[in-house]
Amino acid sequence: DYVDTTGLPLSTIQDTIDWALEMGYLSETETHWQITEKGKLFLNDLLEAFMAEEDEE
Numbered sequence: 001d002y003v004d005t006t007g008l009p010l011s012t013i014q015d016t017i018d019w020a021l022e023m024g025y026l027s028e029t030e031t032h033w034q035i036t037e038k039g040k041l042f043l044n045d046l047l048e049a050f051m052a053e054e055d056e057e
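For the sequence shown, the UniProt record's numbering begins at 1 and goes up steadily by one.
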């Protein structure tokens, strides 16, 4: 669980999660997110999106 592991609120990554879902890089259930086949093909882009948020803090 992101919040338990990092101590940060989910809002710190929500925009990136929403973007990744919209791009088809992640799928979502009630309990978790999972990388899709498309997300595996664009893994560098997906990882960079999360790293960019870290740089902005």
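Glycine included, every Cβ here is placed at the ideal spot set by N, Cα and C.
From the DSSP output, which residues share a beta bridge with residue i?
i	result
Q14	Answer is none; Q14 lacks a bridge partner.
L26	I35
Taking the straight line between their C-alpha atoms, what separation do you get for residue i and residue j?
i	j	result
T12	A49	12 Å
E30	G24	17 Å
W19	D4	23 Å
N44	M51	10 Å
L21	L41	15 Å
L46	E28	15 Å
Between which two residues does the alpha helix (DSSP H) holding residue i run?
i	result
D4	Y2 to T6
Residues in its own chain within less than 6 Å of residue i by CB, not counting five upstream and five downstream?
i	result
W33	L26
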